[in-house]
Amino acid sequence: MLLDAPPVLYGRASERAALQSALATAMAGRGSLALLAGEAGIGKTALVDALAADAWEQGVLTLRGHCYDSTVTPAYGPWRELLGGAPRTAAVAAPGELLGQGGANPSPASQEAQFAAVVRYLGALATQRPLLLVLEDQHWADADSLHLLRVLARALPSAPTLLVVTYRDVDLASGDPLYRTLPMLVREARPQRLTLRRLGRESIGELVDARYPLPQAERERLVDHLLANAEGNPFFTEEILRTLEHEQLLTRHGDHWELGDLAQAHVPHLVRQMIDSRVDRLDDNARRLLHVAAVIGSDVPLDLWAQAAGVSDEDLAPVVERALQAQLLAESTQPATLRFPHAIVREAIYESMILPRRHAWHRRIGEVIAAQPQPDPDAAAHHFQRARDPRAAEWLVRSGERASRANAIQDAVDRYEQALQLLEGDDQALFQRVRLLCNLAGAYRYTNPARALADLDRARDLADRMDDRTLAAVVRWNRARIRGFLAEDTRADIDQAIAAYHALTAEERQRVRELGRGVAGSQGALAQWLAHHGRYQDALAIGEDCLAQPEASPEDDGIERGHALLGVALSQAGLGRPEKARATFAAARQQFDRLAYHFMTAAAIKWELLEDALPFQPYNTERIARLVAEYGRVWLQTGGFTARDGDEPLFPLYPPLLLAGHWEEARRAALAYVGDAYLRIDALAALAEIARARGEHSAAWDDIQQAFPNGPETSFGTPFFVRSLALQRCAAELALDEGRPDVALAWIDAHDRWLDAAARVLNRSEAATLRARHAELRGDLGQAAHLAQQACDLARHPRQPLALLTAARAVGRIARLQGRHSAAATALHDALELADACSAPYEQALTLLELAELTQQQPDEAAAYTERAATLARALGAQPLLARISTQQAAAPATAAPSASAHDLSPRELDVLRLVARGLTDADVAAQLHISRRTVAGHLQSIYGKLGVSSRTAAAAWAFERQLLE
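Structure follows, in structure tokens:
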């Protein structure tokens, strides 16, 4: 007899190999028992069919017996079916009345003899041909059948017989005979135990590839659908595919297939019938409660189920027990929650309800969720939507707001657009529609500002129809914000928004605050945005007013307060109040972090770095490193915002990298983010600064032109005020590098106009340094010296070490040009000490070169400075600086023979010198070497004398030149 072709198996290679190995061992005379477990439809029968085909090809006799639902399976039913399939041969005669086949069941007294007869009979068959015995669905077997199984299993090792038993492990209950028999079988027969798991994505993909050649995108869509609905169950998978073909959602066209709209797919009829048969075993009350569970969703929290159905936990418990036994529900990993074992099970139960009843239950469940202390807006919105309840719009808005806070921008957009669609044409909901459009614009503000502006234009039209000046004020300033992203002139919009805000009454301002509890920008966000424009006084007034109001609830007002804190911190920093700014930045960061608003947490860290840590405490490298690391950690949590270079994440935080000399890392990150409207100016500023320092002037001017299409005449009023100032300074430096004083002056004047408009204290020192350099280029050294000294004074009040460093270097350079060498040395040594303290290699190299030019008449000292500067410049790729160094080296007089060598210093002096050369202070050196500061000072005086130098900087240069730091 020919067998049907065995099924093609997917994802079962290891299990099939294990059974084939057991069959081969049995054919060699050593029989065994194999237990094959798994849920319904998991593929146990298909695997046994494949094994039977293998057995037939090798001349093995296969006998099979099945159990059926316990209500219809007779005693010894599987054994009688198995024995009934045995061949009738003269060589092996079956004993009469085997297991009562003549009619009656064997009596208990004769049972042992009957079992022995069965074992002898099967043993005799096995002497003719090896046997494969299969007992399927033994979870329904009677106790006597299982007793016979135990008896036969003990005899298998001496017979060429493989006995395979299949059962549903998930269906076993404590009262089932197999539940009690399994431990004894395992102990007595030591069977091979195989449990079939659900198929994974790879196996489902192989099945799809083998049957349905589809384009990659369609293939993934089909695999996703199968995984979501069949969840790896092969039977469900096959039935879904068959139904998709039948409903012409999966159609063949020649040698390829096409996939239709899977949202139109229905539960397969055979699957529905199978599930319906399980549901029909429940009583009416249990069926009603199961319908409620299906409406709740795939996961069924017990408290929600009980509240929605209006039953007590005690009334629900027996229903849960019966549903678990029927495999209609399963336990979940979540506490106090059940789940449907397959999405298709829930869907079949759900679709069995009439539409009005489904709507009613959705409405009831939505109301229960909405009344919870911390309702899930997604769940409430879903149920109200399915109920066609108008309350869906409100909960969709809440869901969108939550998604936006979590940086799930597309999810937020989807929720807002669904809500808008529900409210479209409803003139009684104009307020909600305006707010939704503002929220949509907020969600699109970074990714698609043009779309955001279009939404705000619609919002403005609706607000005008309402004659609501609160809404009009919010829309007006939101439009200014988005237009700023589009590099448009927003001065008039900002002025109008500020005037509109100040014209509002206290009650109207409270409405503005309430609007701000979502994404739509309002009071706190306005304060922050004004600060980004350099409108510090306005930002302080509005931000402090926001913070002075009582907090309605931490979540509702938390974002508003976070925005207000950041706006106040930016204003305090820009106005030169570092202590206040530091505390307020920390409060803003903590506020956003508490709300898990990752994007704004990262923004708060960034601005704390750019406007506090770097300008006021650049020497605190530990704090800077901590903030940079924290920024990277938080930025990664913003999801789709993170750009990558291969597997390496890139972060849009450039000034710390530039200061530390990590120019290439900064350049790669800037190139990755320069196309983002929100991050564009930051990226252009970094690229321009790097290009200038590397001598790529054309590229630097291109970057500046992109940011300032109108050149230095560009009006004050950009939302990227701080980094635009950096670009203006870069443009002025470029023009000065190129010897174009008129162009430089235009940029310097523009920079000063912007500072004056903002009343900004930061960057005043840098502005004075630029004017000093401009005066130097014009040959007015007296004016240059005055301006450089003014720059130093500005950098000291409040103290700004990096600004003071560049100002002191300018003082030293100009003093050298004036022939005031002592003053030059003092200023340049001060500058180098600051550069060392800030771990700023480019600033170190620039200052070292100035010292080399100052000490040209001391060849050893000048050469040491030059060599150290060259090493730093080469590492940075700073070509203009390297060119200056080459010029300096060519102009230097011949170097005298070294006056000292490392051998002239004691071991302890060498230790001190190495640490000093690394930039450590006397106190740091003392701590490292466990000596006093006075001893360190004594060693330094001895070192100076032996080396013939007069400062720690010169001594460090001497050590650097001789590679004593390695």
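Under this note's numbering, the first residue of the sequence shown is numbered 6, with each subsequent residue one higher.
Note that CB positions come from ideal geometry on N, CA and C, so glycine has one too.
> Rounded to whole angstroms, how far is the Cβ of Leu153 from the Cβ of Gly36, which I believe are closer than 8 Å?
Replying inline: Wrong, their Cβ atoms sit about 16 Å apart, outside the cutoff.
> In the structure shown, what three-state DSSP assignment does Arg873 receive?
Replying inline: helix
>> Taking the alpha helix (DSSP H) that Leu822 belongs to, which residues open and close that run?
In response: Pro806 to Leu822
> If you run the structure through DSSP and keep just helix, strand and coil, what is Gly523?
Replying inline: Any reading at Gly523 needs caution, since the residue's pLDDT is 48, under 50, leaving its predicted position unreliable; the model's value is listed next. Coil.
> Can the beta-carbon of Ala578 be found less than 7 Å from the beta-carbon of Cys551?
Replying inline: no
>> On a Cα-Cα basis, can you pick out the residue from Gln63, Ala384, Ile209 and Arg728 that is closest to His230?
In response: Ile209
>> By the three-class DSSP mapping on this structure, what secondary structure does Glu429 have?
In response: coil
> Would the region 333 to 340 and the region 379 to 389 be scored as touching if the rule is three or more Cβ pairs under 8 Å?
Replying inline: no
>> Spatial neighbours of Arg516 within its chain, please: C-beta separation below 7 Å, excluding the five flanking residues on both sides.
In response: Thr475
>> On the DSSP letters alone, give me the boundaries of the beta strand (DSSP E) that Asp288 sits inside.
In response: Asp288 -> no beta strand (DSSP E), and no H or E assigned at all.
> Between Asp289, His347, Ala353 and Tyr355, which lies nearest to Val324 when the distance is taken from Cα to Cα?
Replying inline: Asp289
> Cβ atoms of Ala328 and Trp310: under 7 Å apart, would you say?
Replying inline: no
>> In chain order, what are the residue ranges of uninterrupted alpha helix (DSSP H) at least 4 long that sit wholly in the region 302 to 358?
In response: 307 to 314, 318 to 330 and 348 to 356
>> For Asp650, report the span of its alpha helix (DSSP H) as first-last.
In response: Counting along the chain, Asp650 falls outside any alpha helix (DSSP H), though it belongs to the beta strand (DSSP E) covering Ala648 to Asp650.
> Is the number of C-beta pairs between the region 690 to 708 and the region 460 to 470 that are closer than 8 Å three or more?
Replying inline: no
> Taking Cβ to Cβ, would you say Gly237 is nearer than 7 Å to Arg203?
Replying inline: yes
> Between Leu435, Ala448, Val439 and Asp394, which lies nearest to Asp419 when the distance is taken from Cα to Cα?
Replying inline: With distances taken between Cα atoms, Asp419 lies closest to Ala448.
>> Rounding to the nearest angstrom, what Cα-Cα distance links Ala698 and Gly205 in this structure?
In response: 54 Å
>> Given a cut-off of 7 Å on the beta-carbon distance, is the pair Leu833 and Leu856 in contact?
In response: yes
>> Beta-carbon within less than 8 Å of Ala158's beta-carbon, same chain only, minus the 5 sequence neighbours each way: which residues are those?
In response: Leu38, Leu168, Leu190, Glu193, Ala194 and Pro196
> Quick one: what's Leu66 bridged to in DSSP?
Replying inline: Leu136, per the DSSP bridge assignment.
> How many Å lie between Gly973 and Ser947 at the Cα?
Replying inline: The structure shown does not extend to residue 973, since the chain is modelled only from 6 through 971, so no value can be given for it.
> Quick one: Cα of Val639 to Cα of Leu655, how far?
Replying inline: 13 Å
> Which one or two residues does DSSP pair with Thr166 in a beta bridge?
Replying inline: Leu136
> Does DSSP put His667 in a helix, a strand or coil?
Replying inline: coil
> Along the chain, where does the beta strand (DSSP E) that runs through Glu263 open and close?
Replying inline: His261 to Leu264
> Considering only the beta carbon of each residue, do Ala455 and Leu427 sit closer than 7 Å?
Replying inline: No, Cβ-Cβ distance for Ala455 and Leu427 is not below 7 Å.
> What are the boundary residues of the alpha helix (DSSP H) that Ser208 is part of?
Replying inline: Its alpha helix (DSSP H) spans residues Arg206 to Arg216.
>> Give me, in chain order, the residues of the same chain whose beta-carbon lies closer than 6 Å to that of Leu56; leave out the 5 immediate sequence neighbours on both sides.
In response: Leu24
> Hey, out of Arg21, Ala477, Leu161 and Leu810, whose CA is closest to Pro623's CA?
Replying inline: Leu810
>> For His847 and Ala962, which I take to be in contact (beta-carbon distance under 8 Å), what is that distance rounded to the nearest angstrom?
In response: The displayed chain sequence assigns Tyr, not His, to residue 847. With a Cβ gap of about 17 Å, Tyr847 and Ala962 do not count as contacting.
> According to DSSP, which residues form a beta bridge with Pro746?
Replying inline: For Pro746, which the question treats as bridged, DSSP gives no partner whatsoever.
>> In the DSSP assignment, the alpha helix (DSSP H) including Ala27 goes from what residue to what residue?
In response: Ala18 to Met32
>> Quick check on the burial criterion: 16 or more other C-beta atoms within 10 angstroms. Buried or exposed for Asn715?
In response: exposed
> Anyone know if the C-beta pair for Leu739 and Ala777 falls short of 7 Å?
Replying inline: no
> According to the neighbour-count rule (16 or more other Cβ atoms, all chains shown, within 10 Å of its Cβ), is Val524 buried or exposed?
Replying inline: Confidence at Val524 is low in this model, with a pLDDT of 44, below 50, so the placement of that residue should be treated as unreliable; the coordinate-derived value is given next. Per the 10 Å Cβ criterion, buried.
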